[in-house]
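Chemist:
Numbering (our numbering), first residue to last: 39 to 206.
1) Suppose contacts are defined by Cβ-Cβ distances below 7 Å. Is residue 107 in contact with residue 155 by that definition?
2) Quick one: using the 10 Å Cβ neighbour count with 16 as the cut-off for buried, is residue 164 buried or exposed?
3) Pull up the distance between the alpha-carbon of residue 193 and that of residue 169, whole angstroms please.
4) Short check: CB of residue 142 to CB of residue 99, under 7 Å?
5) For residue 102 and residue 63, which I take to be in contact (beta-carbon distance under 8 Å), what is that distance rounded to the nearest angstrom?
6) Out of 171, 202 and 127, point me to the one whose CA is closest to residue 153's CA.
7) Rounded to the nearest angstrom, what separates residue 183 and residue 65 at their Cα positions?
8) If distances are taken between C-alpha atoms only, which option among 204, 94, 197 and 80 comes closest to residue 138?
9) Is it buried or exposed for residue 172, if we count other Cβ within 10 angstroms and need 16 for buried?
10) Per DSSP, residue 138 is paired with what?
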């Protein structure tokens, strides 16, 4: 439940483990927490494309390509392609390609270089596999969340996109 506001609560700093568990985890209520990772070097180093390219120069990553930046979403069927009504919807996934990170980043930061919208992401713990070279820039877990949940994260994922790509 989003509560009475219909919106997502925003916190300016990390909650205590008890507050996080009581106010958000237990009632299954989403929130946005700001200023929780200000001490991570990722905040300054990841805004530098040269740093990312250098650090991930030998990494192969999963790149998702869509015609309009939306994947894993309901999209209208093109009635020219199928014998269906124009109001039909289908669930569409992106086309996924593996490529060297520098090539992937180029597709993302130069969206006019292709007719597709590219973004880099993959479920199933991609940060600790495809992007493991960036791990020293972050903590391995969020201590207050780990305490609240009683376990380390099962998976850590990373999403890299541009103004044309959307996540659902």
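We put the beta carbon where it would ideally sit given N, CA and C, even for glycine.
Modeler: This is what the structure holds:
1) Position 69 of the chain shown holds residue 107. Position 117 of the chain shown holds residue 155. Remark: C-beta atoms of residue 107 and residue 155 approach each other more closely than 7 Å.
2) As a first step, residue 164 must be located in the chain shown, where it is residue number 126. Taking all protein chains in view, the Cβ of residue 164 is crowded by 16 or more other Cβ atoms within 10 Å, so the residue is classified as buried.
3) One-based indexing of the chain shown puts residue 193 at position 155. One-based indexing of the chain shown puts residue 169 at position 131. CA-CA distance, residue 193 to residue 169, rounds to 13 Å.
4) Residue numbering aside, residue 142 sits at position 104 when the chain shown is read from its first letter. Residue numbering aside, residue 99 sits at position 61 when the chain shown is read from its first letter. In contact: residue 142 and residue 99 (Cβ atoms closer than 7 Å).
5) Taking the first residue of the chain shown as 1, we reach residue 102 at position 64. Taking the first residue of the chain shown as 1, we reach residue 63 at position 25. With a beta-carbon spacing of about 29 Å, residue 102 and residue 63 fall beyond the 8 Å limit used to define contacts.
6) Position 115 of the chain shown, counted from the first residue, corresponds to residue 153. The shortest Cα separation from residue 153 among 171, 202 and 127 belongs to 202.
7) Start at 1 with the first residue of the chain shown, and residue 183 comes out as number 145. Start at 1 with the first residue of the chain shown, and residue 65 comes out as number 27. In this structure, the CA atom of residue 183 is about 15 Å from the CA atom of residue 65.
8) Taking the chain shown and counting its residues from 1, one reaches residue 138 at position 100. In terms of Cα proximity to residue 138, the closest of 204, 94, 197 and 80 is 94.
9) Taking the chain shown and counting its residues from 1, one reaches residue 172 at position 134. Residue 172 is buried by the Cβ-count criterion.
10) Residue mapping note: residue 138 aligns to position 100 of the chain shown, counting from 1. For residue 138, which the question treats as bridged, DSSP gives the partners 98.
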